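Numbering (my numbering), first residue to last: 517 to 769.
Presented below is the structure to which this report refers.
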């Protein structure tokens, strides 16, 4: 999501208001001429938006869950749940303190809020509209044993939840985003000599590791980047060493 940059141009006088020429005398320091160049643009403040806008992103992968933000404000929210893994997963959300033993489609807890969706196939995205009040909620995969392997995370709902930085509308032609336990785009074509940059948008650490051993980022966290310059034509397959179901390809022309 692109941030607007304001350019402030210096006002130029009309033809009848030209500044008088500066006289330069040999041996004396000339007076500084007024600049006719516009001032350099000031960096724009990042635009911040409600993370619920357009759908609150939830990523499932083997075996972890990521959220677009750790906290949101009360009210209507549509969860956009993407299964970036290779196994079937299921979205479940419940108020903290609910009955952990009552999981799976159709489950419920008479003592508090809880809901589950149908199974989500690999590569699929499911949109789940809800209305959430203030409180602490657990988001997890209801498939048996997946929560014990790490597929659960807490979401806080509170009136003063911060806004989040708006992301660019799209990636640059030489860039790959890591988001929702997937590389986007999964296949990138570049010219030889192009520096490719990967940016991790997930709260979880990832790696960018070439299967032929030509590059390995090592683990890097949310907001961090890794770059590699592709010199030779060909195809380079890579994956995340922490979440091996995340795979991508660089095609060098």
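Heads up, the beta-carbon is just placed ideally off N, CA and C, and yes, glycines get one too.
Computed from a predicted model, the values in this text were never measured in an experiment.
Beta bridge counterpart(s) of residue 657 as assigned by DSSP: 607
Span of the beta strand (DSSP E) around residue 583: 580-583
Proximity to residue 610 [Cα-Cα], best of 573, 752, 648: 648
Residue 712 versus residue 705 - alpha carbon distance: 10 Å
C-alpha gap between residue 599 and residue 747, whole angstroms: 33 Å
Coil, strand or helix - residue 643 by DSSP: strand
Own chain partners of residue 669 with C-beta closer than 7 Å, once the 5 adjacent residues on each side are dropped: 581, 583, 655
Alpha carbon of residue 664 to alpha carbon of residue 658, nearest angstrom: 10 Å
For residue 672 and residue 652, believed in contact at Cβ under 8 Å, the rounded distance: 6 Å
Neighbour-count burial assignment, residue 575, 16 or more Cβ in a 10 Å radius: buried
Touch test, the segment 591-598 against the segment 720-735, Cβ-Cβ under 8 Å, three pairs minimum: no
Minimum C-alpha distance to residue 694 - residue among 710, 676, 719, 707: 719
Three-state class that DSSP yields for residue 636 in the structure shown: strand
Residue span of the beta strand (DSSP E) that contains residue 592, given as start and end: 591-599
Buried versus exposed, by CB contacts within 10 Å (16 or more), residue 774: The structure shown has nothing for residue 774, since the chain only spans 517 to 769.
Three-state class that DSSP yields for residue 722 in the structure shown: strand
Beta-carbon separation (whole angstroms), residue 577 vs residue 761, contact threshold 8 Å: 6 Å
Counted within 10 angstroms of its Cβ, other Cβ atoms place residue 688 as buried (16 or more) or exposed: exposed
Nearest residue (CA-CA) to residue 674, options 768, 692, 586: 586
Coil, strand or helix - residue 713 by DSSP: strand
Test item: CB-CB of residue 710 and residue 732 under 7 Å: no
Counterpart residues of residue 630 in DSSP-defined beta bridges: 610
Given residue 613 as reference, the closest of 628, 646, 714 once Cα atoms are compared: 628
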